[in-house]
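Taken in sequence, the protein lines are chains B, Z, S and Y.
So the first sequence is numbered by this note's numbering: it starts at 1 and just counts up by one.
So the second sequence is numbered by this note's numbering: it starts at 1 and just counts up by one.
So the third sequence is numbered by this note's numbering: it starts at 1 and just counts up by one.
So the fourth sequence is numbered by this note's numbering: it starts at 1 and just counts up by one.
Protein chains: 4
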Amino acid sequence: MKPLRIGIIGYGFMGRAHSNAYRKVTNFFDLEYHPVLQAACARDEGKVKAFAERWGYASIETDWRKLIARDDIDVIDIAVPNNLHAEMAIAAAKAGKMILCEKPLGFNAKDAEKMTAAVEKAKVANMVWYNYRRCPAVVLAKQLIDEGKLGRIFHYRANFLQDWTISADLPQGGAALWRLDVKAAGSGVTGDLLAHCIDTALWLNGGIKDVNAMTETFIKERKHNLTGKVEKVGIDDACAFLCHFNNGSLGLFESTRYARGHKALYTFEVNGEHASLKWDLHDLHRLQWFDHRDPGIVRGWRSIHVSDGDQPYMKNWWVPGLQIGYEHSFVHQVADFLKGLETGTPARPNFRDGLATDYVVDAILASAKSKKWTKVKQVK
Amino acid sequence: MKPLRIGIIGYGFMGRAHSNAYRKVTNFFDLEYHPVLQAACARDEGKVKAFAERWGYASIETDWRKLIARDDIDVIDIAVPNNLHAEMAIAAAKAGKMILCEKPLGFNAKDAEKMTAAVEKAKVANMVWYNYRRCPAVVLAKQLIDEGKLGRIFHYRANFLQDWTISADLPQGGAALWRLDVKAAGSGVTGDLLAHCIDTALWLNGGIKDVNAMTETFIKERKHNLTGKVEKVGIDDACAFLCHFNNGSLGLFESTRYARGHKALYTFEVNGEHASLKWDLHDLHRLQWFDHRDPGIVRGWRSIHVSDGDQPYMKNWWVPGLQIGYEHSFVHQVADFLKGLETGTPARPNFRDGLATDYVVDAILASAKSKKWTKVKQVK
Amino acid sequence: MKPLRIGIIGYGFMGRAHSNAYRKVTNFFDLEYHPVLQAACARDEGKVKAFAERWGYASIETDWRKLIARDDIDVIDIAVPNNLHAEMAIAAAKAGKMILCEKPLGFNAKDAEKMTAAVEKAKVANMVWYNYRRCPAVVLAKQLIDEGKLGRIFHYRANFLQDWTISADLPQGGAALWRLDVKAAGSGVTGDLLAHCIDTALWLNGGIKDVNAMTETFIKERKHNLTGKVEKVGIDDACAFLCHFNNGSLGLFESTRYARGHKALYTFEVNGEHASLKWDLHDLHRLQWFDHRDPGIVRGWRSIHVSDGDQPYMKNWWVPGLQIGYEHSFVHQVADFLKGLETGTPARPNFRDGLATDYVVDAILASAKSKKWTKVKQVK
Amino acid sequence: MKPLRIGIIGYGFMGRAHSNAYRKVTNFFDLEYHPVLQAACARDEGKVKAFAERWGYASIETDWRKLIARDDIDVIDIAVPNNLHAEMAIAAAKAGKMILCEKPLGFNAKDAEKMTAAVEKAKVANMVWYNYRRCPAVVLAKQLIDEGKLGRIFHYRANFLQDWTISADLPQGGAALWRLDVKAAGSGVTGDLLAHCIDTALWLNGGIKDVNAMTETFIKERKHNLTGKVEKVGIDDACAFLCHFNNGSLGLFESTRYARGHKALYTFEVNGEHASLKWDLHDLHRLQWFDHRDPGIVRGWRSIHVSDGDQPYMKNWWVPGLQIGYEHSFVHQVADFLKGLETGTPARPNFRDGLATDYVVDAILASAKSKKWTKVKQVK
């Protein structure tokens, strides 16, 4: 058993999700490396103290540079707004720390390039928290595609629909609302939600060649929580784009925070020559599967309840029929990261994968501005 | 092309459903016999005239005995309340007419025995309108069971849930409400709704050995539409029963008109050793199918959209993906009846099959009264 | 009762659907005008004879010009490939006939403009067979939107997904396959399937300002049934487009015949400030409805089984819970057309509405070619 | 913060589920009492050592009597086969320990009576692990019923369907298979699965007056893992029963391990005068809700995604739209138990509630044997 000492920056929604994963992973997975909750870091001393106490972090820091400088930390976990990722990650890499960084990797692709260069130069283990890759049903989709069960792919479509910002009274910026502040987030749904859809798509269906996007900001001005003034809204409330994948299939993506009735409906569907599959975050423990090779009279979409021991990750949990939830995707990501250290085959998505997504995000935003088809820069 | 001259008795809900079937069947099916709408019969002259005009019946009668006596009628269609079936059917048989009788066959099994004896003695074609046997998805279920795809059957369960009589203000008896009058209907949900469930069950899973039932009348008194007085309610509002099938499987049936939210939810499910299937009248164009022989990681319930040319009856309709509805089950029943005349292999359920269901209905009502397990009389 | 004498051109899939509607409509709807099946017309005498006999047309023609010239015909029903619509419709208008024309109205918008001018000049009743407007659930959606139940609309998205042309062995052109022949169809999924989606969208959500489209032909060459040679495929197999509606909402549309597992999955979803709704042709008797005004703890998508007497068209059919199917949308369209003659308020979509859809179709095809955002010409 | 020292007996499926709950509860809930994993106990020293190490128990015992005798233990958690519950619980009560006992409470009702008497005499906190009461959707159902939203209840129906014992090759008894050994389990699906259904039903719909049951053992003989011999199977493979609730509603329950296609499908449905609700363990994060008070044209079953902060327990977890799973029901149960200690209002189901369920279980087994309606003994 080897301890792996974690220093986390940020105590918000993601700080909680990561901490829960570190605490649980060795109860359910057999691993050589065991996470140790060494330190939690944030500017607000009272809050970080409470957070550390609740989750069992052994110490706190209020200056992230001090955290990075500590000898007793192996991994820096970056769980803060997007505009802070690059500086922290580059410093951590220089200090020789492994890095687990929240998504999207950079504030933009330029930042992400620097971050990728930094970790590759420093040769430190690195990963981006695109957790949805680790939902068992999504891994099952990957497995079916990789086995060639779908044949030639014709279509890939994905949505990420929410409805929480419809009210014009909601302010922008500050604390839990930093995602609405373009200075902290970089963009709206594109970097926040579509980034998830793109990461999954690149993983399942390969690279994207070019994109053609449209964005919209429905509520043009909102009170800004930090300045207290009504200010122009800089983020995109909605974004949709057409694209071509390198494998010749067509892509169609949409995200919005104005789709009444959908809380966090991330769905994707892949149509192949022989079979198709669909997934939906609101019922994340299921995969929809259609196999044209079934006998004609009994062909139909199967709703697979992904909870059996022979399905991805599930032998580590309960018994067939008993579902796991959102948080488990993070547990799986930590398990795979640790296994990667153990086996020498690093888990992914690494920073270079995160950069690939950021290239697509940048191309989307550029296309929405220029109103033209835009080529996507490819990672090597 | 041979004309088959129909004389229908009754112009209500079923009178319409049958008439529509007679009118459409040869547009969609290639048949030697063609129904001719020769006469409609009912006591109310004005109403039967309007009905005949709307549906294209060539003549009317107000006395059913006259209708039966006519030489230009080949088939008597009995679409009137249950208490009238026996007398009409027996007279029609004696007159040598073919008979299509609404379900349940008799007011009780004793009546049904006489009716069956009458048609068998007269050697006239006979059929009972258990139309749900002709929904394509139900026929597909039958086909899968008969091919042995389910293996040994362990469980059969069926429900028929409605909610239209919950209001205590609803009167009983008269016109469209005769189903609430025990003198016209014989029983409540048992003969009306469970009879459908039982007919399908006997067809799909074979005979029922014994039953153990419970009935309930939630609203004890209602105004009677014919007498104008508040009277004791004689029908059962709800009925549930346990049973053993002759093949060793267990059965569980329930019907009620007090299940808020269900308009006409007839569902059945059959669980076999290797596979299971489910059907639901609210989405009657679909069959749910689970096949344990599918590879473990992609096992799941398939929702089969029964609308392809290789699925029962569907090559006669539109193109794949375009659903048919309730009324088509009657068209199919007429098509099969006509085909039976053509081929010499009579379509079913015939009166003897209807009698089998009435034996189960009688046993259920007896068991509910005696509160004991009750043997079901078997047809030979 | 006034007879309305129909002369139909074409005996294919649509010829059957229309004929069925004419035959049934007065059985279920109370109408002053009654369709009379006067004549069926097609070049192949044997086939049109058989068709006329099956459906009860009183006579046949093999030359459509003769049909149009007949005095005993009130309505010309055009149910032939797209490239023949304009000539027939313009001639029929000149002859003073009412016209019911299959969709899309013209082979292109230019044709449609001429057709619209012709019927408006001749002042003859005219309608386009966009039948999905008449599914009860779609009408219910229209009613909810028009009552303002959704509030400001943010998003409209629609799909029409099929999978029947995936095989490379399928030939193009001729008989039932004319939809695959660009010379007969004008385009592929765009004019065939997206035209339906656009018609519904214009009706529910108003005009479209501009579009940005991508098309694809996956199988580049196919044997042509008419020439017997392998030829370049001219139609689009798939088409997706982004758009802005005049009301400020965003649109996203996609159609393909390469989405394995979907037979004819036409879906649309509308997201408004207060409520959202969804519909799906594979379960056309249901409407999905989310109302944010419901109490927070019990908010959810409702699956409305549109089969009650107070829901559009349904009091004319059976009883609650018993669904109707695809063909009934045509019956409703005929009922509304006849009612329009009776009341003097013509039913729609008329040719001008059909022209509006053709303008969008043309803009889509132009945008796919130019790879640019393209303005949509608006009808006055 | 007050420590509550746990001594757990058993390291199987339930041992893991409870341990996980103890470890997580204070990360997500604000509580005065904090569980401390003090000791794990089981006969197999190697296994209990490994278990203790994995979950962080500070010590181990191999004799449960020693565990109970320890001064540093506050709570005894009984997570062993049913035949061992009574002796352990009575001893623990005598030793003044709080007791959390797995379900069903007793091997039979007689045992359960003694256990209840013991804890009530000793005045120790006590609870039974009927965890499904704590699924947020089930709690929401309880809340809606208690608020009177359903009005008078007419029907309650529940199923617990599994398919894991269909193979005749599966042995009975020993280790993970003790549920198949009548000597360890007492009964088959009745005590294992129906007990869950009954506990929920008593909670939601009040007491059961009488029952009428049927049981079946499909595979009559199996190899016994402990003796190595083929022996008669003593458990029931399937059980269904009719019942009357004290409030006048009818109940229908069924459980089996022979329903191919269902892994652990626990469902219940309650039909009331004004509204109905349904729940299903395979999608435990959803509640189906039908409210007849909705306007007629938009009535339908709502699928409520129970993941909002105003829904039971959910403000303690993630953000709307992100589901929790099976294990969280145990976390909630621990949270409520601890809160009960804090507030002085004990959480339930306590032993007396568990006894009520055992009375129903006993009546079911008696009725299945006698083939008669059987009165259920009521708890005071």
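Idealized CB from N, CA, C, for every residue including glycine.
In the three-state DSSP reduction, tryptophan 279(S) falls in the strand class (E or B). Put simply, the backbone Cα of valine 379(S) is about 21 Å away from that of lysine 142(S).
Here arginine 222(Z) has Ala168, Leu170, Pro171, Gln172, Leu180, Val230, Glu231 and Val233 as same chain residues with Cβ atoms under 8 Å from its own Cβ, once five neighbours each way along the sequence are excluded. It is roughly 33 Å from the alpha-carbon of tryptophan 301(S) to the alpha-carbon of alanine 21(S). Secondary structure of glutamate 147(S) (DSSP, three-state): coil. Beta-carbon to beta-carbon, arginine 157(Z) and glycine 251(Z) are separated by about 7 Å, close enough to satisfy the 8 Å threshold. Contacts with chain Z at 8 Å (Cβ-Cβ) include serine 276(Y). The continuous alpha helix (DSSP H) containing cysteine 197(B) extends over residues 195–205. Partner residues in the beta bridge of methionine 98(B), as assigned by DSSP, are Val75(B).
Take histidine 244(Y), set aside five residues on each side of it, and the residues of its chain with a beta-carbon closer than 6 Å to its own are Lys209 and Asp210, in chain order. In the DSSP assignment, serine 255(B) is bridged to Phe160(B) and Cys239(B). Of all residues in the segment 322–334 of chain Z, those with a C-beta nearer than 8 Å to a C-beta of chain S are Leu322, Gln323, Ile324, Gly325, Tyr326, Glu327 and His328, reading in chain order. In the DSSP assignment, methionine 314(S) forms no beta bridge with any residue. For the segment 279–307 of chain B, the residues whose beta carbon sits under 7 Å from a beta carbon of chain Z are, in order, Trp289, Gly296, Ile297, Val298, Arg299, Gly300, Trp301, Arg302, Ser303, Ile304 and His305. The CB of leucine 140(B) comes closer than 7 Å to the CB of Ile297 in chain Z, given here in chain order. Under the three-state reduction of DSSP, valine 128(Y) is assigned to strand. The beta carbons of glycine 321(B) and lysine 24(Y) sit no closer together than 8 Å. Around lysine 49(B), the same chain offers Ile60 as residues with beta carbons nearer than 7 Å, after the five sequence neighbours per side are excluded.
Out of Thr165(Y), Thr217(Y), Val306(Y) and Leu226(Y), the CA that lies nearest to the CA of lysine 183(Y) is found in Leu226(Y).
In the DSSP assignment, asparagine 212(B) forms a beta bridge with Leu242(B). Distances from the alpha-carbon of aspartate 280(B) to those of Asp236(B), Glu269(B) and Asp77(B) put Glu269(B) closest. Rounded to whole angstroms, isoleucine 73(Y) and arginine 5(Y) show a C-alpha spacing of 5 Å. The three-state reading of DSSP puts leucine 338(Y) in helix, counting H, G and I together. In this structure, DSSP gives tryptophan 55(Z) a helical state, which the three-state scheme calls helix. Proximity of threonine 256(S) to chain B, defined by a Cβ-Cβ separation below 8 Å, is satisfied.
Taking 8 Å as the CB threshold, aspartate 310(Z) lines the interface with chain B. Judged by DSSP secondary structure, tyrosine 266(B) falls within the beta strand (DSSP E) whose first and last residues are 265–272. For leucine 194(S), no Cβ of chain Z is located within less than 8 Å of the residue's own Cβ. Between the segment 97–116 of chain B and the segment 350–361 of chain B, the count of Cβ pairs shorter than 8 Å is three or higher; the stretches touch.
Beta-bridge pairing by DSSP links glutamine 378(S) to no other residue. Listed by position along chain Z, the residues whose Cβ is nearer than 8 Å to that of isoleucine 9(Y) form an empty set, because the closest Cβ is around 34 Å away. For leucine 170(Y), there is no enclosing beta strand (DSSP E), since its DSSP letter is neither H nor E. Burial check for histidine 332(B): the Cβ neighbour count within 10 Å reaches 16 or more, so the residue is buried. CA-to-CA, the gap between alanine 91(B) and lysine 315(Y) works out to about 36 Å.
Three or more beta-carbon pairs drawn from the segment 149–165 of chain Y and the segment 253–260 of chain Z are found closer than 8 Å, and the two stretches are therefore classed as touching. Short of 7 Å from the beta carbon of aspartate 146(Y), and not among the five residues preceding or following it, lies no beta carbon of its own chain.
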